[in-house]
Amino acid sequence: MAQRFQTLKGFRDFFPAECAARNYVFDVWRRIARRYGFVEYEGPILEPTDLYRKKSGDEIVGQLFCFQDKGDRDVSMRPELTPTLARMAAAKEREFKKPLRWFSIGQFFRYEKHQKGRGREFYQFNCDILGETSPLADAELMALSIDLMRELGFTKEDFRIRVSDRNAWVSFATDKGVSDGQITDFLQIVDKMERTPKEKTEELLGNLGLTLSDIEGFIASGAEASPALKEVLSNLEARGFAEYVEVDLSIVRGLAYYTGAVFEIFDIGKGMRAVAGGGRYDQLVGLIGGVDMAACGFAMGDMVITDLIRETERPNQLLEVAEAFASGVDVSIVIADPEKQGEAAGVVQQLRESGLRVIAPFSPAKIGKQFQAAEQAGAKLAIVIGGEYPELTVKRLEDRTESTVDVSGLSEAVAGLLSS
RNA sequence: GUGGCUGUAGCUCAGGGGUAGAGCCCCGGUUUGUGGUUCCGGUUGUCGCGGGUUCAAAUCCCGUCAGCCACCCCA
49 MAQRFQTLKG FRDFFPAECA ARNYVFDVWR RIARRYGFVE YEGPILEPTD
99 LYRKKSGDEI VGQLFCFQDK GDRDVSMRPE LTPTLARMAA AKEREFKKPL
149 RWFSIGQFFR YEKHQKGRGR EFYQFNCDIL GETSPLADAE LMALSIDLMR
199 ELGFTKEDFR IRVSDRNAWV SFATDKGVSD GQITDFLQIV DKMERTPKEK
249 TEELLGNLGL TLSDIEGFIA SGAEASPALK EVLSNLEARG FAEYVEVDLS
299 IVRGLAYYTG AVFEIFDIGK GMRAVAGGGR YDQLVGLIGG VDMAACGFAM
349 GDMVITDLIR ETERPNQLLE VAEAFASGVD VSIVIADPEK QGEAAGVVQQ
399 LRESGLRVIA PFSPAKIGKQ FQAAEQAGAK LAIVIGGEYP ELTVKRLEDR
449 TESTVDVSGL SEAVAGLLSS
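Going from the first sequence to the working numbering is simple: count from 1 and add 48.
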């Protein structure tokens, strides 16, 4: 018996329907990024493992698809784009006028257990502004992420953007006498507060000389705690985006490298999932590339957002329209008389040169079968080529109306029928 | 890494000790130049794999593998 192959665990086949859905999401990502004046870039899929160690420490290696290449170099399939971006931006720092507005759509790999919304292979949209310290750059990214969601068909009933500021936490902790060396630990405690029993949190805070009510009081102070956040908020409000925004200081995001405003796009339906996240990371380009450059950015993965689209009525309708278009053609040729193969080929070429999507049968078949094939191919029109050539029959499959047209006037007639 | 659920036709699934079923899909005909919603007929399975109990296992037991889901983690 032949050996049966499957995809590797956590890897994905994209059959045409899934590929259409993926490309639809890509199209929206790209369209909105361009609307904000961002330009697309790309980096290598394989990088030295040290690039990721440098950013995230040795623990990261357990989550990497890494191996020794034939030159015995320690390499990894990229798990994220930010270190690559930092390297690229630093390498040609002087060639680009600041600020840089860069986006990328790429494939990433993490050695994790496969589950809903998470695989070992996924696509991610990355959007970053480099060389700009103003909080208005942070606001621009947040606005972009909101517009992305709106373009996908989501409304304020579906999502919120939750914003916070790590700087505000650092100031708070410093005022309370937490030493510099303990600040990372402190932020970890805050980050995990929602999922940790109160007693445990009290105990951990106690070790740092703090109490839970100190923390709760600070979270309650909201935007008052951060001048940067106030600026971000008033800017988003001026754009008419206030209804999408929620200040929530309890969002810290696990990453150690964030240095200012941080935010998450959050599904407020049943899932309560984070679908995108990002923030300011002013030190990272210096750490990776040796050139100090302020930066902020965010990323959105394809898996969670696609799940959410399918679960939400309006976004799913938009996706289905895109899928139907991707899987269809404009014209399917019906060859009623096999002697007219050659004439049919000429017609096909004429229509294709006018930009239409056209298919024709490869083998002779009954008329009925050919119409069935046209229907199943998602064609809008069927053109019957038979003994009457150069007279042709053009049939609209949707309402089954048909008309006859001379081949010399075909392109115009077809264009008219397709646009009506 | 931990736990739960599920593995039966290409797909969705039913059956629950006596060597397999439905619907969909697919193919052919009904219809020798007109399709989607007619009707008729047809193909398809080592019932995930290995072992055990039994006269007899798809069915019960043990193991294993795979998939899904949740936890941990999440750049």
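Note that the Cβ used here is the ideal one computed from N, Cα and C, for glycine as well.
Keep in mind it's a predicted model, so treat the numbers as computed, not measured.
Rounded to the nearest angstrom, how far is the Cβ of Val379 from that of Ala427, given a contact under 8 Å?
-> 6 Å
Quick one: using the 10 Å Cβ neighbour count with 16 as the cut-off for buried, is Val382 buried or exposed?
-> buried
Report the rounded CA-to-CA distance for Asp340 versus Tyr89, giving the unit in angstroms.
-> 21 Å
DSSP state of Pro127 mapped onto helix, strand, coil | When secondary structure is reduced to three states using DSSP, Pro127 falls in the coil class, being assigned neither helix nor strand.
Could you please give the first and the last residue of the uninterrupted beta strand (DSSP E) stretch that includes Arg208?
-> 207 to 213
Could you tell me the distance, in whole angstroms, from the CA atom of Ile263 to the CA atom of Phe220?
-> 9 Å
Look at the alpha carbon of Ala50 and the alpha carbon of Leu356, and state the distance between them as a whole number of angstroms.
-> Residue confidence for Ala50 is low, a pLDDT of 43 falling below 50, so the modelled location carries little weight; the figure read from the coordinates is stated next. Roughly 39 Å separates the two Cα atoms.
Examine the Cβ distances between the region 109 to 127 and the region 305 to 313 and report whether three or more of them are shorter than 8 Å.
-> Result no; under three Cβ-Cβ pairs closer than 8 Å.
Ignore the nearest five residues each way along the sequence and tell me which others in Glu294's own chain have a CB closer than 6 Å to its CB.
-> Arg208, Arg210
Expressed to the nearest angstrom, what Euclidean distance is found between the alpha-carbon atoms of Ile431 and Glu423?
-> Approximately 12 Å between the Cα atoms of the pair.
Report the three-state DSSP secondary structure of Ala393 (helix, strand or coil).
-> If DSSP states are grouped into helix, strand and coil, Ala393 belongs with the helices.
Arg168: which of Glu391, Arg60, Ser456 sits nearest, CA to CA?
-> Arg60
Selected residue, minimal CA-CA separation from Val300, among Arg214, Ile231, Gly376 | Arg214
Can at least three beta-carbon pairs, one atom from the region 457 to 464 and one from the region 358 to 375, be found at a separation below 8 Å?
-> no
Buried or exposed for Ala271, please, with buried defined as at least 16 other CB atoms from any protein chain shown within 10 angstroms of its CB.
-> The residue in question, Ala271, is buried, as its Cβ has 16 or more Cβ neighbours within 10 Å.
Hey, is the region 151 to 170 in contact with the region 54 to 74, meaning 3+ C-beta pairs nearer than 8 Å?
-> yes
Tyr437: which of Ala393, Phe410, Ala463 sits nearest, CA to CA?
-> Ala393
Determine the extent of the beta strand (DSSP E) in which Thr450 is found, giving its start and end residues.
-> Note on identity: in this sequence residue 450 is Glu, with Thr being the wrong assignment. 449 to 454 is the span of the beta strand (DSSP E), which, as asked, contains Glu450.
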